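All you need for this note's numbering is the position in the sequence shown, starting with 1, plus 44.
C-beta atoms are modelled at their ideal positions from N, C-alpha and C, and glycine is treated no differently.
Here the structure is a predicted model, which means the values were calculated and not measured.
Right, one structure below, let's go through it.
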Amino acid sequence: MKKLEIYVNSFFDSVIIESSNDDVNVGQYVVIESDKGNFVGQVIRVDSEKNLNSDCKILNLATDKDINKSRSNELKAAEALVEIRKIACKLELDMSFVDASFSLDKKRLYISFVSDNRVDFRELAKRLAQKYHTRIELRQIGVRDKAKKVGGIGPCGLLLCCNRFLNDFSSVSINMAKNQLLALNPTKINGVCGRLMCCLNYENDIYKEARKNMPKIGNLIETDAGTGKVIDIDVFKKTCKVELPNKSVIVINVEDNNGKAK
């Protein structure tokens, strides 16, 4: 048995399925059965370390007919999304729609949206069911999930981490930015989703460890030149800038300095 990571679509992202079929390899298309319906997906990785999706299984390798039908459904879902936005606008619903996806047999239509508030979308679902003669499922997602689905370019100039490789969103706090001595400017520490950047988490533990024996900015510290106030620190060089009473600034090595912070 081998674990396969299979990309389905932007709504469901990818699923992890165990398979004993040696004919299924990376790049191939398969038909997946799930409690959400059947879909065509593409194998993108073998022996994935992610957790299995117990509600999914591979039915068979996708035929050309399956693949063409799936692609046709994608186009129809994109067209439906335009109509969905129009209907929601008429109903004056505060909803920003992200994507839509039909099951392979088109008996179900899945729609994801973002909203700052809880939305009563029952009338919308009713109208969509009447229009498309299918079961409708609307799912509210967060702004981080939207960024992961849509993708984009981060402040670093690279593709968004959430869209490329992050599978789960770890908690990110403003203290992580403080630990790394970053300017607390939203334009500098927020991602395209408007939330704190996920990458603040990557080096946080390193900075926390490096700062253990460092004085805090604003502390008074004894130096060979007298008592001064710490105005800046470099955690990796283990140095800090100290302003003396005469307003002159000196740089000291914290490990070599025999003085202690007051």
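- Taken atom to atom, the span from the alpha-carbon of Ala191 to that of Asn207 is near 7 Å.
- In the three-state DSSP reduction, Thr283 falls in the strand class (E or B).
- Note on the region 153-228: whole beta strand (DSSP E) runs with a minimum of 3 residues are 179-184, in chain order.
- In the three-state DSSP reduction, Thr231 falls in the helix class (H, G or I).
- Looking at the backbone, the Cα of Phe146 and that of Asn117 are separated by about 6 Å.
- Inside the region 90-130, DSSP marks whole beta strand (DSSP E) runs of 3 or more residues at positions 101-105, from first to last along the chain.
- Judged by their CB atoms, Lys94 and Asn245 are not nearer to each other than the 8 Å cut-off.
- Under the 8 Å Cβ criterion, the region 81-92 does not count as touching the region 125-144, having fewer than three qualifying pairs.
- Counting the other CB atoms within 10 Å of its CB gives Leu204 a total of 16 or more, which places it among the buried residues.
- Taking 8 Å as the cut-off, the beta carbon of Val70 is found no closer than this to the beta carbon of Ala106.
- Looking only at Leu225, Tyr176, Cys242, the smallest Cα-Cα distance to Cys284 is reached by Leu225.
- In the structure shown, Asn245 adopts helical secondary structure according to DSSP, grouped into three states.
- Only residues of its own chain outside the window of five on either side were considered, and among them Asn117, Thr178 have a CB closer than 7 Å to the CB of Lys150, listed in chain order.
- Look at Lys252 here: in three-state DSSP terms it is helix.
- Taking C-beta separations shorter than 7 Å and ignoring five residues to either side along the sequence, the partners of Glu247 in its chain run Gln224, following chain order.
- A straight-line Cα-Cα distance of about 8 Å links Ile111 and Tyr73.
- With contacts defined by Cβ atoms closer than 8 Å, Phe165 and Phe141 do not form a contacting pair.
- For Gly272, the enclosing beta strand (DSSP E) begins and ends at 270-278.
- Each residue's CA atom was taken as its position, placing Glu266 and Asp278 some 18 Å apart.
- Note that the C-beta distance between Ser64 and Met45 is below 8 Å.
- For Gly81, DSSP records a beta bridge to Ser78.
- Taking 8 Å as the cut-off, the beta carbon of Asp143 is found no closer than this to the beta carbon of Phe280.
- With a 10 Å radius around the Cβ and a threshold of 16 neighbouring Cβ atoms, Glu49 comes out buried.
- Out of Asn234, Leu172, Leu137, the CA that lies nearest to the CA of Cys200 is found in Asn234.
- A Cβ-Cβ contact shorter than 8 Å links Ile102 with Ile76.
- The three-state reading of DSSP puts Lys260 in coil, since its state is none of H, G, I, E or B.
- Per DSSP, Ser63 is one residue of the beta strand (DSSP E) stretching across 57-63.
- Nearest to Leu135 by C-alpha distance, out of Asp249, Glu123, Lys252, Arg171, is Arg171.
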